[in-house]
Structure formats: C-alpha cells, structure tokens
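At position 251 of the sequence shown (counting the first as 1) the number is 253 in the numbering used here, and the numbers step up by one without a gap.
Ideal Cβ placement from N, Cα and C applies to all residues, glycine included.
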Amino acid sequence: MNCFNITSKTIYCCLGIAWILATTSCRKGFSDTGYEKTTDITATSTSANGTLSTPKTRARDMVLIYGAGTEGGQQWDYYAFHPYVVYKNKQNQYDWMFDGFLFLELNDQWNFSFTTGHGDPSKPALKANWNTLLDKYFSAGRSLHALDQAIDDATWSAGQPPAKRKVIIGIPEPLKSAGSNWGMANGIWLDFQNDAHRTMACKWFIDEVITRFDTAHFRHLVLDGFYWIGEAVGDASAVTQDVAAYLAPKNYCFTWIPWWQSPGYNNPQAFGFSDTYLQPNYFFYNTVPYSRLQDACNAAYANNIYLEMEFDDNVLYYAPYRTKMNEYMDVFGSNNVYANMKLTYYQSQSTILKLFTQKDYHPPLDSIYRKFCEIITARQKVVNPPYMN
C-alpha cells in the first residue's frame, strides 16, 4: 500500500475548532453507566448436536483499520478517527458512523509476516513481533485509546452513542515457517510444525488481548471478538477449529473475510467461524467484470454469509474508480443487502479519512463521501434489523 500520511495538524485544521465546540448544549446524557448492559453481552448458543457455537459479532458496519499496530502508513490519533466515528449531514447534524472496528496488520514495519503472502516470506512474525503489535494497539494516545477518545469527543456534538463500539482484533497467522523459533507459551518452546502449538500461540494472543483490554477500562469500546487474518485457511483448519472452541465459552465472535471463492468460503462453519464476509474483489482488477458484484450478492445469500465493500485511494484521483465504488453501493442496494446483511468495509489504510479531508475541494469526492456515509448512518438508525437477531 502506498498510502500517504495525514498528520494530526492537518486533520485539526480540517476539522476546525468548530468541531470541538460544535454545540453549545451539554453532552446528551453521557455517563459510564448510560449504556444498556444488554448491548455489551453476547449470548452463546448451542448447535443441533449440542456443542457450544461461537457467538456472532454485534457489529453491523465494521471498518478495517490498518496501521494502528505498526509505525508504517497511517498513524491513528483521535483526529484521524473522527470521520469514522461521526458524520455531519447536510442538516449540520451529527450521526454516528461505524459501530465496529477491525484492527489488523498483514506485516510489521520490519516486514515480518503476520499472514501468508505479505511481508518477507523468509521472516514469519515471532512472539516478539506479536507482542509489539499489541503494544502499539494499546499505546496511550493512539490506536484503541485514540478511538475511545474520538468517540468521547464526539459526544459533545452527537450525544451518547446508542451502544458501545465493537472492537475486533486480528489474530496473526501462526505460520509453519516459524518452526521452533516463535517463542514460549505455557512454559514450553513452541514448534509451529505442530498444530497444537500453533493453537497455543493463538490462545496466548487472545488471552493477552483480553487482559490488556480489561486493564484499559475504555469508556466507549467493548471487545467483541477476534478475526482470522489468513484469507485462505489452507493448512490451518485444525487451528481455527480449536480457536473457535476456545472463544465460544468466552462469548467472543470469530470472523473471517475470504477472498473471492477462497476454498471453504461456502462452508465457513467447518472452520469454526461465526461471521464470514465475502470479498467480491471487483474494485481492484480491470479484468473482473461488473457482473461480479451480482455474483457476490448471489453467493452471499446462497451461503448465508455477508459481504465486504471494497475501495481504496484510487477513488481520490480517478473517475473510473469512483464509478466502481458507486457500483458497489448501488448493486448492494438493489439486492437489499443493506436491509439483510452485516457488512465490512475495506478502505486501504485511510481512504475514508482522505475523502473527508478532501471533499470540500473536489465536488465529486463530496458526493461519493456523502452517499457512502448516509448509507452507513441510515443502517445504524434501524432498530433491531433482522440480520442482527
């Protein structure tokens, strides 16, 4: 990805002091106990054969956040998170945006790989890299803490959110190529040629996330679950099944976003995933026909899975890519996806932020930005949509 950085100073100038003092009224009913407790509890369910199934995510609209766990690319302070948290509509009122935030990295700044096909294939991420990733996610003033602060600041203009925002953390793929070099868990040195050891590493990561999240005492965030970063499960199916079994009694979801027709996409329950979002992979390739979007909608409905909307920085500069982004929004609309499915949103590193900062200088960007935000905010206002039950 060749995403350029947007600094805090830039965003502050774009937002202006008016954002911070957007209203002369007090915050609308905010308190730490103002959230309905039921919105922060995920109920587990039992499958037909009596086994415990992994709870589903409670996020309707989950945006992918890259860069929060490394020093490369977009740096996520609370100014950068602002347009992901709220949208100022044409009536100059603020509406809440995404209710879900997926934090994931494909490789770190030293090019160690968190998943197959990214970073240096000769440098599988080890425990030290996994730990550094977590350090950055939970660093004061950035990443998760910055998101929590951005939501808190937005209550001045938008009032209290209807529910805490859901956070999902990507689990690095325990790559077999790490061999016996990954590190220690449960008092033993792990060997990633052993699937049980690979699972132990994932459990260590999950436990570490839960501990750090509980210690952080976020005001507006709740840990909703975890995400399998590998877009193809490949030789890790035994690991994903064991991870799912570990998450189920802890009331955490286990999500997956496979590439178009990745093996097993049509039977993700066999891998243990609770929520699967299919990538259409239309936006990025000129050889993929427009009909792919309809095919993706058909496949999602046929297999009882969800969809991902995809776009990147090309929409900032090239009209054909703005057309493609509009086509995603229109085809999803004509297929009643907004009324029937949870969605994830791939935006490279920070395309939504860049649309927000550049929309006032380029009318086509303003148009596509508002169309996109109004889809999200309209979905967020629907009470008890059927796909959440």
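Beta-carbon proximity check, residue i vs residue j, cutoff 8 angstroms
i: residue 1; j: residue 226; result: A query on residue 1 cannot be resolved here, the shown segment of the chain reaching from 3 to 391 and no further.
i: residue 277; j: residue 59; result: yes
i: residue 153; j: residue 163; result: yes
i: residue 104; j: residue 64; result: yes
i: residue 206; j: residue 194; result: no
i: residue 212; j: residue 248; result: no
i: residue 2; j: residue 80; result: The first residue shown for the chain is 3 and the last is 391, placing residue 2 beyond what the model contains.
i: residue 214; j: residue 140; result: yes
i: residue 285; j: residue 326; result: yes
i: residue 389; j: residue 344; result: yes
i: residue 348; j: residue 310; result: yes
i: residue 131; j: residue 101; result: no
i: residue 307; j: residue 270; result: yes
i: residue 187; j: residue 198; result: no
i: residue 256; j: residue 245; result: yes
i: residue 136; j: residue 210; result: yes
i: residue 113; j: residue 125; result: yes
Straight-line Cα distance separating residue j from residue i
i: residue 82; j: residue 88; result: 12 angstroms
i: residue 51; j: residue 274; result: Low per-residue confidence applies at residue 51: pLDDT is 46, beneath 50, and the placement is therefore not dependable, though the value from the model is reported in the following sentence. Straight-line Cα distance between these residues: approximately 14 angstroms.
i: residue 295; j: residue 371; result: 20 angstroms
i: residue 287; j: residue 224; result: 36 angstroms
i: residue 149; j: residue 115; result: 26 angstroms
i: residue 361; j: residue 368; result: 4 angstroms
i: residue 387; j: residue 342; result: 8 angstroms
i: residue 312; j: residue 281; result: 8 angstroms
i: residue 108; j: residue 117; result: 6 angstroms
i: residue 127; j: residue 147; result: 25 angstroms
i: residue 382; j: residue 263; result: 29 angstroms
i: residue 234; j: residue 259; result: 9 angstroms
i: residue 145; j: residue 346; result: 19 angstroms
i: residue 90; j: residue 97; result: 6 angstroms
i: residue 142; j: residue 289; result: 44 angstroms
i: residue 119; j: residue 93; result: 45 angstroms
i: residue 165; j: residue 182; result: 43 angstroms
i: residue 76; j: residue 252; result: 32 angstroms
i: residue 84; j: residue 191; result: 43 angstroms
i: residue 475; j: residue 266; result: Residue 475 is absent from the structure shown; the chain starts at 3 and stops at 391.
i: residue 236; j: residue 67; result: 24 angstroms
i: residue 334; j: residue 299; result: 7 angstroms
i: residue 138; j: residue 70; result: 7 angstroms
i: residue 332; j: residue 324; result: 12 angstroms
i: residue 391; j: residue 384; result: 13 angstroms
Top-ranked residue by Cα proximity to residue i, from the options
i: residue 156; options: 130, 86 and 68; result: 86
i: residue 74; options: 306, 121 and 65; result: 121
i: residue 160; options: 389, 385 and 379; result: 379
i: residue 95; options: 384, 381 and 376; result: 376
i: residue 314; options: 119, 55, 181 and 330; result: 330
i: residue 305; options: 268, 113 and 391; result: 268
i: residue 412; options: 112, 354 and 279; result: Shown here, the chain extends from 3 to 391; a query on residue 412 therefore has no answer.
i: residue 261; options: 232, 177 and 56; result: 232
i: residue 56; options: 374, 354, 323 and 272; result: 272
i: residue 351; options: 78, 328 and 62; result: 78
Assigned exposure category for residue i - 16 Cβ within 10 Å defines buried
i: residue 1; result: Because the chain spans 3 through 391 in this model, residue 1 falls outside it and cannot be assessed.
i: residue 179; result: exposed
i: residue 19; result: Its pLDDT being 34, under 50, residue 19 is placed unreliably in this model, and the coordinates cannot settle the point.
i: residue 5; result: Unreliable placement is indicated for residue 5, whose pLDDT of 37 sits below 50; the coordinate value is still reported in the next sentence. Counting Cβ neighbours within 10 Å, residue 5 comes out buried, since at least 16 surround it.
i: residue 24; result: Confidence at residue 24 is low in this model, with a pLDDT of 36, below 50, so the placement of that residue should be treated as unreliable; the coordinate-derived value is given next. Answer is buried; the Cβ neighbour count reaches 16.
i: residue 336; result: exposed
i: residue 395; result: Residue 395 falls outside the range modelled here, since the chain spans only 3 to 391, and no answer is possible.
i: residue 356; result: buried
i: residue 254; result: buried
i: residue 321; result: exposed
Residues that residue i bridges to, as DSSP identifies them
i: residue 90; result: 96
i: residue 210; result: Residue 210 pairs with nothing; no bridge assigned.
i: residue 168; result: 102 and 224
i: residue 311; result: 347
i: residue 126; result: 115
i: residue 187; result: 190
i: residue 279; result: 308
i: residue 109; result: 115
i: residue 257; result: 229 and 277
i: residue 367; result: DSSP output for residue 367 lists no bridge partner at all.
i: residue 173; result: 230
Closer than 8 angstroms to chain C by CB, residue i
i: residue 85; result: As a matter of chain content, chain C is missing from the structure shown, which is built from one protein chain.
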